[in-house]
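Colleague:
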Amino acid sequence: MDVSISYVNEEGEDLLKRDYFQFYNIYYLQKNEETGKFERVKAADNQSSFYVDQGTNRYALRVFPNREFIDGKSTTLIEDHRDNIDTLRVQGYNEGRGSIAERIWYNGELAWETAPNPPRRYFTVTKSSL
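The opening position of the sequence shown corresponds to residue 58 in the numbering used here, with each subsequent residue numbered one higher.
1) DSSP on Asn151, reduced to helix/strand/coil?
2) Is the stretch 149–157 close to the stretch 88–106, with three or more CB pairs under 8 angstroms?
3) Report buried or exposed for Ile127, applying the criterion of at least 16 other Cβ atoms within 10 angstroms of its Cβ.
4) Mind checking whether Val182 and Ile83 have CB atoms under 8 angstroms apart?
5) If you draw a straight line from the alpha carbon of Gly93 to that of Leu167, how long is it in whole angstroms?
6) Tell me whether Tyr108 is buried or exposed, calling it buried when 16 or more other Cβ atoms sit within 10 Å of its Cβ.
7) Helix, strand or coil for Gln104? Go by DSSP, reduced to three states.
8) If you drop the 5 nearest sequence neighbours on each side, which residues of the same chain put their C-beta closer than 6 angstroms to that of Asp143?
9) Which ranges does the beta strand (DSSP E) cover as unbroken runs of at least 3 residues, wholly within the stretch 62–127, from first to last along the chain?
10) Over what stretch of residues does the beta strand (DSSP E) that includes Ala168 continue unbroken?
11) Could you check the C-alpha separation between Tyr116 and Lys74 for me, to the nearest Å?
12) In whole angstroms, give me the CA-to-CA distance for Tyr179 and Gln87.
In structure tokens, the structure reads:
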């Protein structure tokens with residue numbers, strides 16, 4: 058399961074810049090079995106990528122969210138080139154070798170849900186800057 062996110066400012070201008078792609082980091086919030094506490098674990102580099110979305114002609118960040126669901130939810134942290142950290146929470150479950158998303162929140166706001174949205178997990182976030 059992947060999630061694609063575009064970032065725009067209030068004027069609708071693309072905020073993702075190719076020069077900054079290398080500075081983005083993805084982290085998974087995972088429960089430590091020994092301590093029971095949650096820890097931030099860096100995701101492998103292949104768990105995110107950037108591309109130009111054909112529908113909007115803007116850059117998008119494609120993220121493969123955390124597959125460790127606790128009480129039906131997983132948490133993925135997105136760190137941008139300015140060290141700002143945003144939270145992607147997925148309500149869903151694992152089925153076979155894949156994951157099924159039912160709802161997705163971005164920084165606490167519902168950004169996507171299965172119905173009535175199309176199957177494509179894509180949304181746009183408006184920020185003043187990145």
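Every residue gets a Cβ at the ideal spot worked out from N, C-alpha and C, and that includes glycine.
Modeller: Considering the structure as presented:
1) Here residue 151 is taken as the residue at index 94 of the sequence shown, counted from 1. Three-state DSSP puts Asn151 in a strand.
2) no
3) Here residue 127 refers to the residue found at position 70 of the sequence shown. Per the 10 Å Cβ criterion, exposed.
4) Within the sequence shown, residue 182 is the residue found at index 125, counting from 1. Within the sequence shown, residue 83 is the residue found at index 26, counting from 1. No.
5) Position 36 of the sequence shown, counted from the start, is the residue given in the question as residue 93. Position 110 of the sequence shown, counted from the start, is the residue given in the question as residue 167. For Gly93 and Leu167, the distance between alpha carbons rounds to 28 angstroms.
6) Counting from one through the sequence shown, the residue named residue 108 turns up at place 51. That one is exposed.
7) The count along the sequence shown starts at 1 and reaches residue 104 at position 47. Gln104: helix per DSSP, three-state reduction.
8) Residue mapping note: residue 143 aligns to position 86 of the sequence shown, counting from 1. Hits under 6 angstroms: Ile135 and Asn164.
9) 82–88, 95–99, 105–109 and 116–120
10) Against the sequence shown, residue 168 aligns to sequence position 111. From DSSP, the beta strand (DSSP E) with Ala168 extends over Glu166 to Glu170.
11) The residue given as residue 116 occupies position 59 in the sequence shown. The residue given as residue 74 occupies position 17 in the sequence shown. If you take the alpha carbons of Tyr116 and Lys74, they lie about 8 angstroms apart.
12) On the sequence shown, position 122 is the one that residue 179 refers to. On the sequence shown, position 30 is the one that residue 87 refers to. Straight-line Cα distance between these residues: approximately 24 angstroms.
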